[in-house]
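Engineer: Can you keep this structure in mind? I'll have questions shortly.
Protein chains: 2
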Amino acid sequence: MNRIVIIGAGNIATHLAMNLKIAGFEIAQIIARTEASAKPLAEAVSAKYTCDLKNLDTTATYFMIAVSDDEIANVAKQIRVGEKLVIHTSGSTPMDVLKDCSTNYGVLYPFQTFSKKKVLNMRKVPICVEGSSLEAQKNIVFLSRQLSDSVQVMNFEQRAVLHLAGVFACNFTNYMYAIANDILAENNLSFDLLKPLITETVDKVQSLSPREVQTGPAIRKDMKTIERQEKMLEKQPDLLEIYKLLTKNIM
Amino acid sequence: MNRIVIIGAGNIATHLAMNLKIAGFEIAQIIARTEASAKPLAEAVSAKYTCDLKNLDTTATYFMIAVSDDEIANVAKQIRVGEKLVIHTSGSTPMDVLKDCSTNYGVLYPFQTFSKKKVLNMRKVPICVEGSSLEAQKNIVFLSRQLSDSVQVMNFEQRAVLHLAGVFACNFTNYMYAIANDILAENNLSFDLLKPLITETVDKVQSLSPREVQTGPAIRKDMKTIERQEKMLEKQPDLLEIYKLLTKNIM
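As they're listed, the protein sequences go chains S and X. Everything in the first sequence is counted per this note's numbering, starting at 13 for the first residue and increasing by one. Everything in the second sequence is counted per this note's numbering, starting at 13 for the first residue and increasing by one.
Put into structure tokens, the structure is as follows:
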């Protein structure tokens with residue numbers, strides 16, 4: 013049976029461990045810096061745990077490094093497992109950071125925003141795969157297909173492009189929601205009023221291209237509304253600057 | 013029976029006419045500038061149509077002006093219906109533009125992004141109501157409740173705030189999708205890869221506050237990733253400017 017060690021106990025590590033367990037893999041070991049983070053995840057997936065990489069269970073089949081980008085190189089330095097498959101899960105880290113860990117290594121990058129608190133359907137999450145050899149790639153694709161229906165082989169440059177697109181489509185849109193929320197809250201209006209609009213905006217781009225469905229004062233070049241809205245933002249120079257720049261670019 | 017005249021045949025007019033018809037109202041007349049736009053909508057809701065406001069059917073009960081913001085005043089000038097209820101559907105136009113049309117007037121503003129091509133569930137669309145008198149307000153609330161489960165009385169200032177929040181939450185986020193789409197297309201990657209991420213981002217803000225769920229390099233102050241992504245945008249100064257401004261504000 014394929015036994016997997018997971019290093020990390022954060023958002024991605026948690027979702028991967030849970031879903032690998034559901035897919036029928038044995039989670040051999042969870043390794044995290046603190047017992048407080050390692051233990052609950054280990055218990056959830058019936059695994060052992062340790063806070064010291066020296067106790068790494070080298071009898072496992074796969075080793076998955078799901079820690080923050082800054083920590084990957086540091087973890088990799090402490091792993092030596094011969095020919096066994098070592099994988100990291102980062103979109104923005106080259107594969108070669110793992111080259112001393114094993115002769116077989118690669119990347120399994122699930123392209124999604126994960127929170128421990130929020131369950132999601134992993135089968136719909138695109139997983140981007142890169143392997144140090146065809147054999148490594150084949151094995152990571154196999155592993156990924158147990159988790160998701162959307163598996164793509166992708167090199168570092170492509171992952172970087174995807175990550176950048178994700179910053180615009182996820183991080184920056186969420187920030188737009190935060191601004192909208194603030195504007196409403198200052199005026200004692202509920203964010204709930206916006207939810208149908210937000211949902212519909214996203215519904216549209218499921219089937220139509222975003223450029224095609226762009227609406228609003230900027231695309232209509234409705235200067236009267238734009239000027240009035242700029243005036244409303246007069247006392248919030250940061251928001252006004254964002255409003256002006258995005259409006260200019262849409263026009 | 014309540015008979016309604018609808019002036020306009022664009023996105024909002026179309027959705028309102030269809031949904032009022034479904035709710036059991038008789039659409040007495042559709043008035044639009046061209047036969048090409050008036051006729052199909054009139055046929056869809058079994059109404060008569062005209063392209064000349066002089067032919068307005070003044071025997072109707074309600075008169076709904078659902079034309080573009082710039083046209084409302086011009087249309088209002090040509091309507092004189094005594095005490096009958098005249099309504100416009102604009103978020104960003106004061107109610108008083110209708111004050112010479114009738115002694116009873118007001119606003120029915122459905123807060124949503126409408127496209128003729130796309131069916132949506134009107135019952136979930138927040139409708140913001142303002143009336144020139146309590147009687148007018150009561151009548152517009154009655155009309156709105158036939159269409160939606162979410163009806164709020166809201167004055168001009170509140171509508172303007174809501175509209176501004178909508179620009180950030182809908183128009184600007186859609187523009188972020190357009191940028192993401194361009195970045196992927198230039199690199200022969202499909203926008204489909206982003207859809208699960210976009211859906212999840214929106215799912216999160218249905219139950220959690222946007223500030224709480226902000227992710228990405230900016231909120232993590234991950235300068236290595238930010239610098240690399242800025243470098244990727246070097247040849248697109250417009251996008252780089254947007255990236256830098258939003259990143260700075262999130263940090």
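Positions of the beta carbon are idealized from the N, C-alpha and C atoms, including for glycine. This one's a predicted model, so the numbers in the text were calculated from it and none came from an experiment.
So what does DSSP say about residue 138 of chain S, is it helix, strand or coil?
Structural biologist: In this structure, residue 138 of chain S counts as coil in the three-state DSSP scheme.
Engineer: Under three-state DSSP, which class holds residue 91 of chain S?
Structural biologist: DSSP places residue 91 of chain S in coil when its eight states are reduced to three.
Engineer: Given a cut-off of 8 Å, decide if residue 14 of chain X and residue 134 of chain X are closer than it, judged by their beta-carbon atoms.
Structural biologist: No.
Engineer: Between X:88, X:217, X:231, X:210, which lies nearest to residue 66 of chain X when the distance is taken from Cα to Cα?
Structural biologist: Considering only alpha carbons, the answer is X:88.
Engineer: Cβ atoms of residue 193 of chain S and residue 221 of chain X: under 8 Å apart, would you say?
Structural biologist: Closer than 8 Å, so yes.
Engineer: Give every residue of the same chain whose Cβ lies closer than 8 Å to the Cβ of residue 45 of chain X, excluding the five residues on either side of it in the sequence, and list them in chain order.
Structural biologist: Around residue 45 of chain X: 63.
Engineer: Going by the DSSP bridge assignment, what does residue 117 of chain X pair with across the sheet?
Structural biologist: Answer is X:98, bridged to residue 117 of chain X.
Engineer: For residue 233 of chain X, does the three-state DSSP call read helix, strand or coil?
Structural biologist: Three-state DSSP puts residue 233 of chain X in coil, outside helix and strand.
Engineer: How about residue 84 of chain S and residue 77 of chain S: are their beta carbons less than 8 Å apart?
Structural biologist: In contact: residue 84 of chain S and residue 77 of chain S (Cβ atoms closer than 8 Å).
Engineer: Of the choices S:181, S:126, S:187, S:112, whose alpha-carbon is the least far from that of residue 101 of chain S?
Structural biologist: When only C-alpha atoms are compared, the closest one is S:126.
Engineer: Are residue 28 of chain S and residue 138 of chain X touching if we call contact CB-CB under 8 Å?
Structural biologist: Cβ atoms of residue 28 of chain S and residue 138 of chain X: not closer than 8 Å.
Engineer: Restricting to Cα atoms, I'd like to know which of S:254, S:149, S:159 is closest to residue 176 of chain X.
Structural biologist: Of the listed residues, the one whose Cα sits closest to residue 176 of chain X is S:254.
Engineer: Would you kindly work out how many angstroms separate the C-alpha atoms of residue 146 of chain S and residue 165 of chain S, rounded to a whole number?
Structural biologist: Between residue 146 of chain S and residue 165 of chain S, the C-alpha separation is close to 11 Å.
Engineer: So, are the CB atoms of residue 173 of chain S and residue 201 of chain X less than 8 Å apart?
Structural biologist: Yes. Within cutoff.
Engineer: Tell me whether residue 118 of chain X is buried or exposed, calling it buried when 16 or more other Cβ atoms sit within 10 Å of its Cβ.
Structural biologist: When all chains shown are included, residue 118 of chain X counts as buried.
Engineer: Could you pull the DSSP bridge partners for residue 15 of chain X from this structure?
Structural biologist: Bridge partners of residue 15 of chain X: X:38.
Engineer: May I have the straight-line CA-CA distance separating residue 96 of chain X from residue 209 of chain S, to the nearest angstrom?
Structural biologist: Those two C-alpha atoms are separated by around 31 Å.
Engineer: Taking CB distances under 8 Å as the criterion, tell me whether residue 120 of chain X reaches chain S.
Structural biologist: Taking Cβ atoms only, chain S never reaches closer than 8 Å to residue 120 of chain X, which makes this a no.
Engineer: Mind checking whether residue 74 of chain X and residue 39 of chain X have CB atoms under 8 Å apart?
Structural biologist: Taking 8 Å as the Cβ cut-off, residue 74 of chain X and residue 39 of chain X do not qualify as a contacting pair.
Engineer: Give the DSSP-derived three-state secondary structure of residue 179 of chain X in the structure shown.
Structural biologist: The answer is helix: DSSP assigns residue 179 of chain X an H, G or I state.
Engineer: Please classify residue 229 of chain S: is it buried, with 16 or more other beta-carbons within 10 angstroms of its beta-carbon, or exposed?
Structural biologist: Label assigned to residue 229 of chain S: buried.
Engineer: Between which two residues does the beta strand (DSSP E) harbouring residue 6 of chain S extend?
Structural biologist: The requested residue 6 of chain S is not part of the displayed model; chain S covers only 13 to 263.
Engineer: If we ignore side chains and look at the alpha-carbon of each, how far apart do residue 59 of chain S and residue 167 of chain S end up?
Structural biologist: If I take the Cα positions, the gap works out to 32 Å.
Engineer: Can you find a C-beta in chain S that's less than 8 Å from the C-beta of residue 190 of chain X?
Structural biologist: Chain S contact via Cβ: present.
Engineer: Chain S partners of residue 212 of chain X, CB-CB under 7 Å?
Structural biologist: By Cβ distance, chain S contributes 124, 125, 132.
Engineer: Check the Cβ-Cβ distances between residue 223 of chain S and every residue of chain X, and say whether any is below 8 Å.
Structural biologist: Yes - at least one Cβ of chain X is within 8 Å of the one on residue 223 of chain S.
Engineer: Out of S:217, S:50, S:25, S:112, point me to the one whose CA is closest to residue 81 of chain S's CA.
Structural biologist: Nearest option by C-alpha distance: S:25.
Engineer: Measure the C-alpha to C-alpha separation of residue 123 of chain S and residue 140 of chain S and round it to an integer number of angstroms.
Structural biologist: Residue 123 of chain S and residue 140 of chain S: Cα-Cα distance of roughly 7 Å.
Engineer: Leaving out the 5 sequence neighbours to the left and right, which residues in its chain are closer than 7 Å to residue 163 of chain X when beta-carbon positions are compared?
Structural biologist: Excluding sequence neighbours, residue 163 of chain X sits near 139, 141, 153, 156, 157.
Engineer: For residue 114 of chain X, count neighbouring C-beta atoms within 10 Å of its own C-beta (all shown protein chains included) and say buried if the count is 16 or more, exposed if not.
Structural biologist: Burial call: buried.
Engineer: At the 8 Å Cβ level, is residue 90 of chain X part of the contact set with chain S, yes or no?
Structural biologist: Residue 90 of chain X does not count as touching chain S.
Engineer: Which ranges would you report for the alpha helix (DSSP H) in the segment 24–79 of chain X if only whole runs of at least 4 residues count?
Structural biologist: Within the segment 24–79 of chain X, the complete alpha helix (DSSP H) runs of at least 4 residues are 47–56.
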